[in-house]
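First the structure, in the form of structure tokens, and then the observations on it.
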Amino acid sequence: EDKVVQSPLSLVVHEGDTVTLNCSYEVTNFRSLLWYKQEKKAPTFLFMLTSSGIEKKSGRLSSILDKKELFSILNITATQTGDSAIYLCAVEASWGNKLVFGAGTILRVKS
Amino acid sequence: DTAVSQTPKYLVTQMGNDKSIKCEQNLGHDTMYWYKQDSKKFLKIMFSYNNKELIINETVPNRFSPKSPDKAHLNLHINSLELGDSAVYFCASSQDRESIGTQYFGPGTRLLVL
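Next up, the structure:
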């Protein structure tokens with residue numbers, strides 16, 4: 001069965017800290033891995049990763065994929081209170097064309 | 112302009128009732144999805160439609176019945192509501208089946224069954 005596991009489940013840091021969120025997966029016919037940020041409502045797209053070793057960056061957020069070890073990390077540097085959210089990792093399994101989501105990491109950034 | 116919209120935003124109802132949630136997208140996308148996010152924030156696919164045709168039907172009780180009158184709409188009807196149906200239901204759409212990674216999510220419908 002397709003599985004996506006995120007860690008930690010929750011994290012509390014202070015503003016300015018750097019955090020690393022983890023996502024490991026076991027799916028059939030991997031196509032891509034995605035990171036989303038969910039605040040009060042719908043998840044919003046952050047990154048899509050398809051190739052190993054290529055870092056994707058957007059401001060203070062960056063992410064990288066390791067297809068050999070079947071995991072991805074999401075880094076957030078110089079965290080701000082606005083980074084407080086649930087971060088969801090999802091993997092696209094080509095069989096069935098569906099996204100399998102992890103349980104999410106709840107990040108709280110204290111001022 | 113709202114890309115993916117859902118109604119209602121909140122729904123509070125009694126066990127045993129039947130209710131519907133509506134979803135509309137104005138992006139011209141071919142593929143639409145329903146997800147359920149439970150109290151532990153686990154987001155799980157329920158159904159997917161491509162051009163009005165059902166393509167994914169996960170292990171969901173048959174009290175849940177999706178209906179796509181046209182490719183811009185995907186409604187979800189739930190019969191005989193149970194306490195465990197309480198969750199946030201998200202609709203999403205993507206350009207096509209191949210673009211599943213770039214889905215646009217609706218704002219969610221928070222369902223509470225009493």
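Residue numbers (the working numbering), protein chains in the order written: chain A, 1 to 111; chain B, 112 to 225. A virtual CB, placed ideally from N, CA and C, is assigned to each residue, including glycine.
Item, Value
"Where the region 24-53 of chain A meets chain B: residues whose CB sits under 7 angstroms from a CB there", "Ser32, Leu34, Lys41, Ala42, Pro43, Phe45 and Met48"
"Any chain A beta carbon closer than 8 angstroms to Gly195 of chain B", "no"
"Endpoints, beta strand (DSSP E) assigned at Thr105 of chain A", "Thr105 to Lys110"
"Neighbour flag for Leu192 of chain B against chain A, beta carbons, 8 angstroms", "no"
"Local conformation of Arg208 of chain B per DSSP, three classes", "helix"
"Cutoff 8 angstroms: Ala85 of chain A Cβ touching any chain B Cβ", "no"
"Contacts around Leu187 of chain B, its chain only, beta-carbon distance under 6 angstroms, and the 5 residues preceding and following it disregarded", "Ile132, Trp145 and Pro177"
"is_contact[Leu88 of chain A, chain B] using C-beta, thresh 8 angstroms", "yes"
"Under 7 angstroms by beta carbon: chain B residues contacting Glu92 of chain A", "Ile211 and Gly212"
"DSSP three-state assignment for Trp196 of chain B, whether helix, strand or coil", "Residue 196 of chain B is actually Asp in this sequence, not Trp. Three-state DSSP puts Asp196 of chain B in a helix."
"Whole-angstrom distance between Ser204 of chain B and Leu122 of chain B, CA atom to CA atom", "22 angstroms"
"Short Cβ contact (8 angstroms threshold) for Gln148 of chain B with Phe201 of chain B", "yes"
"Continuous beta strand (DSSP E) stretch holding Pro119 of chain B: start and end", "From DSSP, Pro119 of chain B is part of no beta strand (DSSP E); its letter is neither H nor E."
"Reduced DSSP secondary structure (H/G/I, E/B, other) of Thr170 of chain B", "coil"
"Integer-rounded CB distance, given that Ala42 of chain A should sit under 8 angstroms from Pro218 of chain B", "5 angstroms"
"Inter-residue CB distance, Thr79 of chain A and Val109 of chain A (contact presumed, cutoff 8 angstroms)", "5 angstroms"
"C-beta atoms of Ser191 of chain B and Leu222 of chain B nearer than 8 angstroms", "no"
"Residue-chain proximity (Ala78 of chain A, chain B), Cβ-Cβ < 8 angstroms", "no"
"C-beta neighbour in chain A for Gly217 of chain B, strict 8 angstroms", "yes"
"Cβ of Leu107 of chain A within 8 angstroms of any chain B Cβ", "no"
"Cβ-Cβ distance between Tyr25 of chain A and Lys56 of chain A below 8 angstroms", "no"
"Thr124 of chain B, DSSP secondary structure in three states", "strand"
"Length of the line joining the Cα atoms of Lys40 of chain A and Asn29 of chain A", "32 angstroms"
"Any chain B beta carbon closer than 8 angstroms to Leu99 of chain A", "yes"
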